[in-house]
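Residue numbers (the numbering used here), protein chains in the order written: chain A, 3 to 255; chain B, 3 to 255. Virtual Cβ for every residue (Gly too), placed ideally from N, Cα, C. Being a predicted model, the structure only gives us computed values, none of them experimental.
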DNA sequence: CGTTTGGTTGATGTATGTCAATATTAGTGG
DNA sequence: CCACTAATATTGACATACATCAACCAAACG
């Protein structure tokens, strides 16, 4: 997951620096792996943000809960992702990082990482790359949430996850099925939808033979059609397969 | 705009490095200011992303247009903001940066900035800070678009702009009125709403004596009530005034 | 095995979108 | 400075995607 494919689709001249940075950062992490159960909180709101993390195994997400109970998953982290790099710059956040599945993480003291960032431009490059990568995904989220329809957003999510898992080296290039350790409620919190509506869209997906999501497993039955549906929200960068077809097809009539 | 207040609310120990970084970056920019008229495109989709920019005067925004015409403003840039820092890492984007008002920008060749980033950790810090700052704002957008109601989103926007202008040194700390050089359509593209609905919410704001937005001028009549309305989407970091009241009040009944 | 958690479905409500017409303002060329 | 035009704002009538409420089911789980 530290190999080139993870850094794909960015300025190729950065590859060596990114690889060196990854390598160097690896040595900074605390020995011990922290093991977390699904639902555990990794970084709290109240506490000072003193560590950065790397996800070794499993899924995690940055979640904000509004005072009246509404909740939004802002970002999902997959294996290989560095997260809370921001702790080098900001002490407190209005949101929480939570384990979506059982997972393993390693952590670095923010000050240690910061020293390395200052003294070694490879480390700085690797860290900044991660933030920029997140930002790119956030751009896509904003567009999806702001202008996408429910089915488009969910279709785009299924494709995004697949693409990222492939690039993280967790999934085979050709795989059309993968584990997505989230409930429909969490999917709703990510896509800005109610649980009920997520359920209905998924039913439609099932009926149309697009995707089946059942028991945490995604099975993409009609890749092309899924891509066509997600098309407006489609970010080529996010995908591993550029075999991409034009034309439209909405799920609800 | 390069002073401490612009870098406020982050790790205070970074302040010296940030200031030095700002200073050093300033020397890298091309002599000539580019002057742009409202609506002009600063960075295209098709072209290679070879420069980073700093906004000296005016407003700009990152805009994505979907193949079927839907359009979303992803980020708004205000004076002092560095933008397209990503050009150091990514060559192409699916979106465009466009001048929202007449504005003046300076530019640096991406390679020049990148060399400085590698050789001087202050520059790296300043660049990464900017990206992280953007990311923080994107988190707020995602929450707002995913879970906020139309009136809450617009209220939060009016407050966000005010806070940022104050920190950018463009606006007085106490000011309750400012120029917002966007049409209602653009506000809709930013808040994920139709023009018509933006108009209706603004009418309600006017009726309730909350805010008046007319002829590109925002006049905040009832600051406290506006804050109360935006409360759920409220990011303390974004605000200059922490005199913040709890309790709710929706605009539509 | 009861209890919890997550999923499924129907009935109904509502926030917001779409369409269409008109008013207003700003911009432009003569 | 005026007349014309295009852009923006405003409003009403109507449509709809999605939320909410409520019930029930199925699987997981201690």
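Chain B places no beta carbon closer than 9 Å to that of residue 184 of chain A, leaving this residue out of the contacts. Among the CB atoms of chain A, none fall inside 9 Å of the CB of residue 23 of chain B. Of the candidates A:20, A:86, A:78 and A:153, the residue whose Cα lies closest to the Cα of residue 108 of chain A is A:86. A direct Cα-Cα distance of roughly 25 Å separates residue 104 of chain A from residue 9 of chain A. The count of Cβ pairs closer than 8 Å, one atom from the stretch 163-183 of chain A and one from the stretch 122-136 of chain A, stays below three, leaving the stretches out of contact. Under a 10 Å Cβ-count criterion, residue 127 of chain A is classified as buried, with 16 or more other Cβ atoms of the shown protein chains found around its own Cβ. Beta-bridge pairing by DSSP links residue 105 of chain A to A:38. If you draw a 10 Å sphere on the C-beta of residue 14 of chain B, you find fewer than 16 other C-beta atoms in it, and that means exposed. Between the stretch 42-61 of chain A and the stretch 87-101 of chain B there are fewer than three C-beta pairs closer than 8 Å, too few to call the two in contact. Sequence-distant partners of residue 187 of chain B (beyond 5 residues in either direction) whose C-beta falls short of 8 Å from its own C-beta, in its chain, are 197 and 200. At a Cβ-Cβ threshold of 9 Å, residue 171 of chain A and residue 82 of chain A count as neighbours. Annotation for residue 16 of chain B: no alpha helix (DSSP H) segment contains it, and DSSP assigns it neither H nor E. Using a CB distance cut-off of 9 Å, residue 43 of chain A does not count as an interface residue toward chain B. In the structure shown, residue 176 of chain A adopts coil according to DSSP, grouped into three states. Annotation: the continuous beta strand (DSSP E) that includes residue 45 of chain A extends over 43-45. Along the length of the stretch 106-192 of chain A, whole alpha helix (DSSP H) runs at least 4 residues long occupy 112-121, 123-149 and 152-169, reported in chain order. In this structure, residue 26 of chain A lies away from residue 174 of chain A, with their beta-carbon atoms at least 9 Å apart. The beta-carbon separation of residue 80 of chain A and residue 166 of chain A, rounded to 5 Å, stays under the 8 Å limit for a contact.
In summary, the residues of the stretch 58-81 of chain A whose CB is separated from some CB of chain B by less than 7 Å are 66, 68, 69, 70, 72, 74 and 76, in the order they occur in the chain. For the 9 Å CB-CB criterion, residue 235 of chain A and residue 154 of chain A form a contact. Residue B:89 holds the alpha-carbon nearest to the alpha-carbon of residue 116 of chain B among B:214, B:89, B:237 and B:149. Residue 68 of chain B carries a coil assignment under DSSP once its states are collapsed to helix, strand and coil. Residue A:111 holds the alpha-carbon nearest to the alpha-carbon of residue 33 of chain A among A:111, A:92 and A:91. Not one beta carbon of chain B lies nearer than 9 Å to the beta carbon of residue 85 of chain A.
Between residue 173 of chain A and chain B, the shortest Cβ-Cβ separation is not below 9 Å. Proximity of residue 199 of chain B to chain A, defined by a Cβ-Cβ separation below 9 Å, is not satisfied. For residue 216 of chain A, the three-state secondary structure derived from DSSP is strand. Burial state of residue 221 of chain B is exposed, judged by a 10 Å Cβ sphere holding fewer than 16 other Cβ atoms. Looking at the DSSP output, residue 63 of chain B sits in a beta bridge with B:78 and B:100.
Residue nearest to residue 106 of chain A within the set A:42, A:224 and A:119 is A:42 (criterion: CA-CA distance). With a threshold of 16 other beta carbon atoms within 10 Å, residue 217 of chain A falls short and is exposed. For residue 18 of chain A, the closest Cβ of chain B is not nearer than 9 Å. In terms of Cβ geometry, residue 93 of chain A and residue 12 of chain B form a close pair [threshold 9 Å]. Close to residue 137 of chain B, with beta-carbon spacing below 8 Å, are these residues of chain A in chain order: 88, 133, 136, 137 and 140. Interface criterion not met: the Cβ of residue 180 of chain A is under 9 Å from no Cβ in chain B.
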